[in-house]
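Let me begin by presenting the structure, written as structure tokens, before commenting on it.
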Amino acid sequence: MDTIWDADLQSAALKAEHHRLKTERLSLGYEGKSVCDALDLAIPHGKFSVIVGPNGCGKSTLLKSLCRLLKPLAGQVLLDGQNIHQLPTKVVAKQLGLLPQSALTPEGIKVVDLVSRGRYPHQGLFRQWSRVDERAVEEAMRATHVHELAQHSVDQLSGGQRQRVWVAMALAQQTPYLLLDEPTTYLDIAHQIELLDLFWRLNRQQGHTLVAVLHDLNQACRYADHLIVLQEGKIVAQGDPHSLVTPALVKQVFGIDCVVMPDPISCTPLIIPYSLKRG
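See the structure below:
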């Protein structure tokens, strides 16, 4: 029989790792209605973590709370041991960068100007725009392959290009953590893989800690070091996809029967569904 998840073993493993960003008994909701309940979560530092789960289970709500866009109903989000809601905005913005879902682009803004907004946390009364900021913007645009579009209006770009520009803005912020809310939504498969490969390089080559919400289980398994599985506002499993993802877990969370086999390209778990749960 498949083992779905050993919470005690996983808890011990998480305590042995280094975590700068974590939650304690975190409950979230809107207008008093609970969405997530009593979540204890530790984001492994230096890893690529991916949050998955059915629609409406609280994935984006959790991500918003991690970057201080949503105040908890109870519990807290901790950054380096401090309640994130008690820290100054610019202190948080120098640590956490966010790629929001369906971000609204200011009308007529040029690529370079949008990317430059990522430098806001580094500006201040005695710290104005400098060559350091220019280099950060240039490096971010080159990393995302939008440097040749610097003077173009963002309005005129394709969906994939616009998404890369928003990624560049997050990179220009130069934060240790990048939070990505459904970054591949509305993109075709080629642009999805292009972006996910970019995120993978940012983690492996530049050391960013990434936390992403993804809908595609197979993409999540291929790119994640650490998988966080939500169901009805609760964490039902988390850990290395290789040991975590089983037919039993997929059926429990998504209600489908499947086969899980090694991906022939990446050797990560490949989920092949074959029916909906009956009865």
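To convert, note that position 143 of the sequence shown is 143 in the UniProt record's numbering; the numbers rise steadily by one, no gaps.
Backbone N, C-alpha and C define an ideal beta-carbon position, used for all residues, glycine too.
Exposure of residue i, with buried meaning 16 or more beta-carbon neighbours within 10 Å
{"i": "Met261", "result": "exposed"}
{"i": "Asp181", "result": "buried"}
{"i": "Ala237", "result": "buried"}
{"i": "Tyr30", "result": "exposed"}
{"i": "Val165", "result": "buried"}
{"i": "Gly159", "result": "exposed"}
{"i": "residue 330", "result": "A query on residue 330 cannot be resolved here, the shown segment of the chain reaching from 1 to 279 and no further."}
{"i": "Ala16", "result": "Caution is warranted here: a pLDDT of 43 is assigned to Ala16, below 50, making its placement in the model unreliable, and the coordinate value is therefore given only provisionally. Ala16 should be labelled exposed."}
{"i": "Cys67", "result": "buried"}
Option in the options with minimal Cα separation from residue i
{"i": "Asn218", "options": "His208, Glu194 and Pro273", "result": "Pro273"}
{"i": "Leu96", "options": "Glu232, Ile235, Pro269 and His208", "result": "His208"}
{"i": "Thr105", "options": "Leu79, Leu157 and Pro88", "result": "Leu157"}
{"i": "Gln174", "options": "Leu41, Lys90 and Val35", "result": "Lys90"}
{"i": "Pro269", "options": "Gln231, Phe254 and Ser243", "result": "Ser243"}
{"i": "Met141", "options": "Tyr186, Ser116 and Cys36", "result": "Ser116"}
{"i": "Glu24", "options": "Phe48, Leu196 and Leu41", "result": "Leu41"}
{"i": "Ile256", "options": "Ile265, Ile271 and Pro264", "result": "Ile271"}
{"i": "Glu139", "options": "Leu21, Asp155, His19 and Leu202", "result": "Leu202"}
{"i": "residue 286", "options": "Lys94, Ala74 and Arg162", "result": "Since the first residue shown for the chain is 1 and the last is 279, residue 286 is missing from the structure and cannot be characterised."}
{"i": "Pro100", "options": "Gly75, Gln82, Val211 and His145", "result": "Val211"}
{"i": "Ala220", "options": "Ile235, Gln231, Gln205 and Leu196", "result": "Leu196"}
Reduced DSSP secondary structure (H/G/I, E/B, other) of residue i
{"i": "Asp216", "result": "coil"}
{"i": "His147", "result": "helix"}
{"i": "Leu157", "result": "coil"}
{"i": "Glu194", "result": "helix"}
{"i": "Tyr223", "result": "helix"}
{"i": "Leu202", "result": "helix"}
{"i": "Leu39", "result": "strand"}
{"i": "Arg20", "result": "coil"}
{"i": "Ala259", "result": "Reading the sequence as shown, one finds Val at residue 259 and not Ala. Reduced to three states, the DSSP call for Val259 is strand."}
{"i": "Asp185", "result": "With the sequence shown as reference, residue 185 is identified as Thr, and Asp is not the correct amino acid for it. Coil at Thr185, not helix or strand."}
{"i": "Ala103", "result": "coil"}
{"i": "Arg68", "result": "coil"}
{"i": "Gly118", "result": "helix"}
Close Cβ partners of residue i (< 7 Å) along its chain, the five nearest in sequence each way excluded
{"i": "Phe254", "result": "Pro54"}
{"i": "Cys36", "result": "Leu26, Ser27, Leu28, Gly58, Thr61, Leu62 and Gly233"}
{"i": "Ser65", "result": "Leu26, Leu28, Pro72 and Val77"}
{"i": "Met169", "result": "Leu114, Val115, Arg117 and Gly118"}
{"i": "Arg20", "result": "His45, Leu79 and Asp80"}
{"i": "His145", "result": "Arg164"}
{"i": "Leu70", "result": "Leu28, Thr61 and Lys64"}
Heavy atom of the ligand MG within 7 Å of residue i beta-carbon
{"i": "Gly118", "result": "Because no ligand of any kind appears in the structure shown, any question about the ligand MG cannot be addressed here."}
Spatial neighbours of residue i in its chain, beta-carbon cut-off 6 Å, leaving aside the 5 residues before and after
{"i": "Asp225", "result": "Lys47 and Phe48"}
**Prompt:** Should the segment 142–153 be called in touch with the segment 107–114, which here means at least 3 C-beta pairs below 8 Å?
**Reply:** Result yes; three or more Cβ-Cβ pairs closer than 8 Å.
**Request:** Examine the Cβ distances between the segment 244–252 and the segment 75–87 and report whether three or more of them are shorter than 8 Å.
**Result:** No contact exists between the segment 244–252 and the segment 75–87.
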